[in-house]
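Asks:
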Amino acid sequence: MKKKFVSIIVFAIFLSTTAFSQFSFSVGTGLNINNAYFGYKAGKFVPFAGVQIYSASGMFKNTGTEWDYEDGAPVNYTDEIKMSGMIIMPELGVKYFAVEKNKLKGYLIAGVTKPFLNAKVSDNGEEVEEIQESLDKVSLLGGFAGVGAEYFLDENFSIGGEFGMQMITGSYKDEYTDEYWNPATSQYIEADFVDDYRLNFAPTYAKISLNFYF
-5 MKKKFVSIIV
5 FAIFLSTTAF
15 SQFSFSVGTG
25 LNINNAYFGY
35 KAGKFVPFAG
45 VQIYSASGMF
55 KNTGTEWDYE
65 DGAPVNYTDE
75 IKMSGMIIMP
85 ELGVKYFAVE
95 KNKLKGYLIA
105 GVTKPFLNAK
115 VSDNGEEVEE
125 IQESLDKVSL
135 LGGFAGVGAE
145 YFLDENFSIG
155 GEFGMQMITG
165 SYKDEYTDEY
175 WNPATSQYIE
185 ADFVDDYRLN
195 FAPTYAKISL
205 NFYF
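When the sequence shown is numbered by the working numbering, its final residue is 208 and no position is left out of the sequence of numbers.
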């Protein structure tokens, strides 16, 4: 429902102000946020779509000597674990220029994001499939809001600064069957279990951006 509402607002802005419109492109970097978006400046409004991508990778390697009980002799061994992961956060938002004075323009910005998780772990060359299976049970939804200002060097280019808050809410739910020990009967009894986790993150961010208006 929220996405449909945002789409209707953006569509109305397109229809009402196309005579004073420009395409815009912005790239920014700063604390907790690195992103790029493409938008459409219609009067004081700039509806836009963008993406943030976070990626990480690493490797753990252990080599040494152990006793081989089959051969009855010491042997060299190597254990290697490789990890890689990525968070892709497409976003949809609107920037509104609320204050304009000469070449300086102040704005409000807000939007929604839908993060997607992907990860891969291999143990001595064999992929651990349970990692991605667990991530598929994670549901994430986010949003952001902030204030900023842009100084226009000319009508097509500006330098901006922005401060705001990025909100992420996440949940994980796993339903499975396992066993518990019943001391009265000295038996393991099969039962249903549910793991349900919910987390909320709300870090602030600050960034500097380069903005192009065509």
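Ideal Cβ placement from N, Cα and C applies to all residues, glycine included.
Are the beta-carbon atoms belonging to L147 and K95 less than 9 Å from one another?
Replies: Taking 9 Å as the Cβ cut-off, L147 and K95 do not qualify as a contacting pair.
Asks: Cα separation between D117 and I125?
Replies: Rounded to whole angstroms, D117 to I125 spans 12 Å at the Cα level.
Asks: G164 and N205 look like a contact to me (Cβ under 8 Å); what is the Cβ gap, rounded to whole Å?
Replies: Incorrect: roughly 31 Å between the Cβ atoms, too far for contact.
Asks: Under the rule that 16 or more other beta-carbon atoms within 10 Å means buried, what is Q46, buried or exposed?
Replies: It is buried - the Cβ of Q46 has at least 16 other Cβ atoms within 10 Å.
Asks: Please state the DSSP three-state secondary structure of E149.
Replies: In this structure, E149 counts as coil in the three-state DSSP scheme.
Asks: Shortest alpha-carbon distance to M80 belongs to which of P68, N70, N112?
Replies: Looking at the Cα atoms, N112 is the closest of the given residues.
Asks: Counting C-beta neighbours from all protein chains within 10 Å, is the total for P177 16 or more, i.e. buried, or is it exposed?
Replies: Exposed, by the Cβ-count rule.
Asks: Should P41 and V88 be called a contact, given that it needs their Cβ atoms to be closer than 9 Å?
Replies: Contact: yes.
Asks: Nearest to T198 by alpha carbon, out of G158, L129, I183?
Replies: Cα-wise, what sits closest to T198 is G158.
Asks: Within a Cβ cutoff of 6 Å, which residues of the same chain sit near E120, ignoring the five residues on either side of it in sequence?
Replies: So no residue of the chain qualifies.
Asks: Check A196 in the structure and name its three-state DSSP category.
Replies: Looking at A196 - three-state DSSP - the assignment turns out to be coil, as it is neither helix nor strand.
Asks: Leaving out five residues on either side along the sequence, give the residues of the same chain with a beta carbon under 7 Å from the beta carbon of L86.
Replies: Excluding residues within five positions, the ones whose Cβ falls inside 7 Å are V0, A43, G105, V106.
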